[in-house]
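These notes are about the structure you will find just below.
There are 4 protein chains.
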Amino acid sequence: MAPRKAPDAGRRSDRSRRAIYDAALALVGENGYRRTTIEGIAARAGVGKQTIYRWWPSKAAVLMEAFLDMAARAAGQTAPEGDEDADSRNGGEYGIPDTGDLAADLKLVLRATVDELNDPLMEAPTRALTAEGIVDAALGAEFVEKLLDPQLALYVTRLRAAQEAGHLRADADPRTALELLIAPLTHRWLLRTLPLTHAYADTIVDYALGGLAPRP
Amino acid sequence: MAPRKAPDAGRRSDRSRRAIYDAALALVGENGYRRTTIEGIAARAGVGKQTIYRWWPSKAAVLMEAFLDMAARAAGQTAPEGDEDADSRNGGEYGIPDTGDLAADLKLVLRATVDELNDPLMEAPTRALTAEGIVDAALGAEFVEKLLDPQLALYVTRLRAAQEAGHLRADADPRTALELLIAPLTHRWLLRTLPLTHAYADTIVDYALGGLAPRP
Amino acid sequence: MAPRKAPDAGRRSDRSRRAIYDAALALVGENGYRRTTIEGIAARAGVGKQTIYRWWPSKAAVLMEAFLDMAARAAGQTAPEGDEDADSRNGGEYGIPDTGDLAADLKLVLRATVDELNDPLMEAPTRALTAEGIVDAALGAEFVEKLLDPQLALYVTRLRAAQEAGHLRADADPRTALELLIAPLTHRWLLRTLPLTHAYADTIVDYALGGLAPRP
Amino acid sequence: MAPRKAPDAGRRSDRSRRAIYDAALALVGENGYRRTTIEGIAARAGVGKQTIYRWWPSKAAVLMEAFLDMAARAAGQTAPEGDEDADSRNGGEYGIPDTGDLAADLKLVLRATVDELNDPLMEAPTRALTAEGIVDAALGAEFVEKLLDPQLALYVTRLRAAQEAGHLRADADPRTALELLIAPLTHRWLLRTLPLTHAYADTIVDYALGGLAPRP
DNA sequence: GCGTAACCGAGACGGTACGTCCAGTCTTTGA
DNA sequence: TCAAAGACTGGACGTACCGTCTCGGTTACGC
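Chains as they are written, first to last, in UniProt numbering: chain A, 1 to 216; chain B, 1 to 216; chain C, 1 to 216; chain D, 1 to 216.
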């Protein structure tokens with residue numbers, strides 16, 4: 001193996017990294033992912049192309065990190081101070097509320113997800129990243145591990161709590177249950193089959209929980 | 001506008017069209033969609049580049065048609081003769097069986113879907129097409145209209161029959177119900193979160209129908 | 001061997017070739033050879049880079065052809081009509097006059113050579129080409145074959161005539177004699193040791209012919 | 001102007017300088033001048049790039065010094081001890097012998113020059129340096145001043161001695177005479193028109209001296 | 001003998017040009 | 001009279017070096 005000696009991360013320029021994130025997100029938002037080029041990102045960031053190639057293996061990887069950074073920052077802004085580490089670890093979510101009413105709590109969260117997916121600012125980069133991950137297994141794995149799984153874990157936690165409280169069948173698999181809730185929203189959003197609304201989110205919760213309620 | 005005279009479809013060479021389909025599918029299968037080029041398809045098909053540009057607006061459009069053609073052929077092979085038109089209109093499916101046992105019928109069909117998604121031969125082009133449609137709205141619309149919707153319509157038909165037979169809540173929306181069944185499979189397959197198995201398909205049917213059964 | 005199929009010269013665009021010659025000569029004249037880039041030539045010529053790479057193996061080769069073309073055109077302009085082929089074959093020279101006075105004839109021609117070498121318009125590309133040929137043997141061979149040898153052949157012809165006329169020692173080798181005349185001029189010009197003047201040319205002729213005159 | 005303080009030559013690392021010379025000569029010999037890079041020299045010499053940029057203005061300047069150093073060392077090896085300064089000042093030559101037979105003495109020296117030019121070890125760097133000097137006037141001047149002129153001066157000395165001894169026409173200009181001897185060899189070597197042999201050197205001496213002999 | 005100022009190896013940085021690949025258009029040519 | 005073949009402009013790719021800068025570390029001079 002010729003392991004093409006890794007660059008010294010200690011000397012990395014933070015200024016450049018930030019500028020690259022900003023440029024990447026801006027360009028993808030403006031022109032779409034396909035028309036965004038590494039040369040374009042470098043130019044917009046005022047950075048040499050090599051500085052991108054030194055630290056990222058692909059355009060998709062740049063966007064992924066930029067995206068994660070954006071999420072972490074967004075979280076950091078609203079988070080209580082001194083708790084930044086926790087935020088960045090779980091993708092910027094703070095957990096699903098537990099008011100005792102599982103359906104209401106899920107509707108709240110899923111409606112927020114609907115709004116997020118419909119936010120035109122997030123749409124372009126999120127679609128780009130997802131599509132890239134569908135085709136590129138390695139990138140997809142990273143996407144799932146760093147972005148998706150942390151969010152899904154919150155549902156598992158909430159659903160387990162519901163099971164313990166007797167609001168959910170004890171023999172239901174939380175992971176599968178979660179997919180029953182999330183997948184339909186993702187499906188509509190990704191494939192643009194039908195509009196993605198709050199009402200749809202509510203219906204999904206109702207239908208899904210119907211089959212998961214404890215036996216009478 | 002200079003209305004650049006449309007090509008005369010009557011004179012189109014069938015031989016070339018077929019060769020282009022074959023080359024496109026073969027190359028996407030071998031090298032992936034990203035590394036497949038129009039020049040490469042033309043060369044492999046023994047066709048001038050212009051012959052591709054004359055009839056299709058993009059690489060994705062070529063692949064889409066090649067894909068539809070493949071589906072139509074696959075259907076034509078097993079279909080009763082003299083019924084090819086009907087097949088190609090519904091994506092090659094012949095409808096969901098109705099044995100009176102809704103859960104069993106759905107499991108049968110969804111298990112077949114799982115097998116199809118796990119078929120390595122279909123995987124590359126299907127993923128490519130889906131990913132492209134996620135990013136390119138026009139292509140996505142075509143994908144949904146020509147490939148997805150015809151298949152989903154079969155579920156709607158079956159579910160409506162179930163409602164009439166009293167096996168499904170009368171106030172349930174079949175379209176939403178269908179998404180509850182299909183979306184989780186699609187989710188696992190597209191995002192590669194967890195393995196996609198027959199057992200998973202069965203569980204989804206059980207959980208989903210649980211909430212859609214008629215009230216006792 | 002993978003002989004990277006040669007392009008079809010019959011379809012070559014004359015317009016592009018000419019534009020490339022012009023751009024190459026202009027840029028070398030303006031910025032020098034080192035600062036002239038293939039990208040720059042392509043941009044100035046309004047031509048894709050690939051059109052250069054398709055037809056020439058290197059920047060030096062482009063310049064060489066541009067140079068030969070310039071010489072051929074310059075010759076064609078002053079030459080009697082209907083004789084263009086002959087001109088381009090001997091580098092644009094029409095032969096060394098033969099007035100019967102060898103020394104006078106040589107001085108005439110060498111003074112003209114001095115003027116040509118001192119012409120600032122020719123200087124940059126000629127130096128560039130020569131320097132490149134010194135380092136790149138293949139290019140040097142082409143330079144010698146296409147530009148230098150045809151000119152030197154004229155001297156050989158004139159010197160042989162002088163031998164036949166008894167104005168030059170019969171046992172003198174014309175090729176060596178020619179080098180005795182030409183090399184000192186080239187030496188001064190290439191290495192810029194001392195100024196290159198008409199007087200110097202005259203002196204060289206006198207000194208050189210002194211040793212080559214027929215024995216009394 | 002910001003007079004960017006000159007580096008302190010007193011602290012200069014001799015070890016690095018030597019390593020850079022060695023690396024430069026080795027790389028030019030192995031890969032040719034064009035493919036030799038400053039980064040490559042630095043890497044091979046185990047030296048930071050800045051150490052090169054601190055002390056030399058260009059790749060050509062490095063090679064020039066390396067070349068001069070090599071000449072000085074080569075001279076130092078065979079020179080009588082305690083006389084190193086004199087050697088390095090005249091390019092490593094010890095003067096042209098004066099046996100009283102001018103032609104013989106010149107043939108001896110020119111044959112040695114032929115051998116040196118044909119020495120494959122010297123060839124690459126010498127050609128590179130010469131070619132560079134042809135295009136870059138400043139470097140060319142340095143080349144002439146430091147390498148060429150000291151050697152040519154030896155010829156002038158010997159030729160003047162010949163004049164005083166009555167072996168050469170009194171009105172002949174030694175500088176021009178020298179060029180008549182040297183230039184043809186240089187010409188063949190630089191332009192690779194014809195092979196450069198001892199016989200050729202002899203012929204040149206004969207032809208040139210023929211015209212410079214004292215009038216009978 | 002002790003800062004401190006310079007050199008040093010190392011290598012990241014903003015850039016420029018390289019030579020290649022392919023997109024999409026236009027032109028020629030042979031069947 | 002097509003369509004194959006393929007040359008064309010254009011532009012991004014990923015690489016190689018350029019010349020500058022900054023980082024620790026290591027001399028070696030001057031106080």
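Ideal Cβ placement from N, Cα and C applies to all residues, glycine included.
For the C-beta of Arg35(C), not a single chain D residue is nearer than 9 Å; the gap to the nearest is close to 11 Å. The beta carbon of Thr197(B) sits closer than 8 Å to the beta carbons of Val114 from its chain, once the five residues preceding and following it are set aside; these are given in chain order. For Thr197(D), the secondary structure class from DSSP, reduced to helix, strand or coil, is coil. For Pro120(C), the enclosing alpha helix (DSSP H) begins and ends at 120 to 135. DSSP places Gly210(D) in the helix class (H, G or I) of the three-state scheme. Taking C-beta atoms as the reference points, Gly210(B) and Gly133(A) fail to come closer than 9 Å. With 16 or more other Cβ atoms from the protein chains shown falling within 10 Å of its own Cβ, Pro174(C) counts as buried. Using a Cβ distance threshold of 9 Å, Ile204(B) and Leu110(B) count as a contacting pair.
For Gly10(A), there is no enclosing alpha helix (DSSP H), as DSSP gives it neither H nor E. DSSP, reduced to helix, strand and coil, places Gly166(C) outside both helices and strands of the structure shown, so it counts as coil. Contact between the segment 54 to 67 of chain C and the segment 5 to 20 of chain C is present: three or more C-beta pairs spanning the two stretches fall below 8 Å. Shown here for Ala162(C): same chain residues with a beta carbon closer than 7 Å to its own, the five before and five after excluded, namely Leu102, Leu168 in chain order.
Between Thr193(D) and Pro184(C), the C-beta spacing is not below 9 Å. Here Ala201(B) is not near Leu139(B), since their CB atoms are 9 Å or more apart. Listed in chain order, the alpha helix (DSSP H) runs fully inside the segment 14 to 43 of chain B are 14 to 31, counting runs of at least 4 residues. Counting only Cβ-Cβ distances below 7 Å, Tyr155(A) has no contacts in chain B at all, with the closest Cβ about 13 Å away. Residues of chain B with a Cβ closer than 7 Å to the Cβ of Ala208(A) are, in chain order, Leu180, Gly211. Counting of Cβ neighbours within 10 angstroms places Lys49(C) among the exposed residues, the total staying below 16. Taking 9 Å as the CB threshold, Thr113(B) stays off the interface with chain A.
Look at Arg111(D) here: in three-state DSSP terms it is helix. In the DSSP assignment, Ala177(B) falls within the alpha helix (DSSP H) that extends over 174 to 191.
Between the alpha carbons of Ser13(C) and Gly32(C) lies a gap of roughly 27 Å. Below the 7 Å Cβ cutoff, chain D contributes Glu179, Leu180, Ala183 as neighbours of Pro184(C), in chain order.
Residue contact check for Gly133(D) against chain C: a CB pair falls below 9 Å.
A distance below 7 Å between beta-carbons, with the five flanking residues on each side excluded, links Asn118(D) to the following residues of its chain, in chain order: Leu196.
Interface residue (Cβ-Cβ distance to chain D less than 9 Å): Phe143(C) is classified as such. Contact annotation for His187(B) against chain A: Glu179, Ile182, Ala183, Thr186, His187 [CB-CB distance below 8 Å, chain order]. In the DSSP annotation of this structure, the continuous segment of the alpha helix (DSSP H) that includes Thr51(B) starts and ends at 49 to 55.
Looking at the backbone, the Cα of Leu108(C) and that of Ala213(C) are separated by about 19 Å. Classified as exposed, Ala74(A) has fewer than 16 neighbouring CB atoms from the shown chains inside 10 Å of its CB.
Contact annotation: Leu180(A) and Val156(A) have beta-carbon atoms that are not nearer than 9 Å.
Within chain B, no C-beta atom comes nearer than 8 Å to that of Thr99(A); the closest sits roughly 21 Å away. For Leu108(C), no chain D residue has a Cβ inside 9 Å of its Cβ, as the nearest lies near 19 Å away. Collapsing the DSSP output to three states places Thr203(A) in a helix. Per the C-alpha coordinates, the member of Ala153(A), Leu25(A), Asp8(A) positioned closest to Lys59(A) is Leu25(A).
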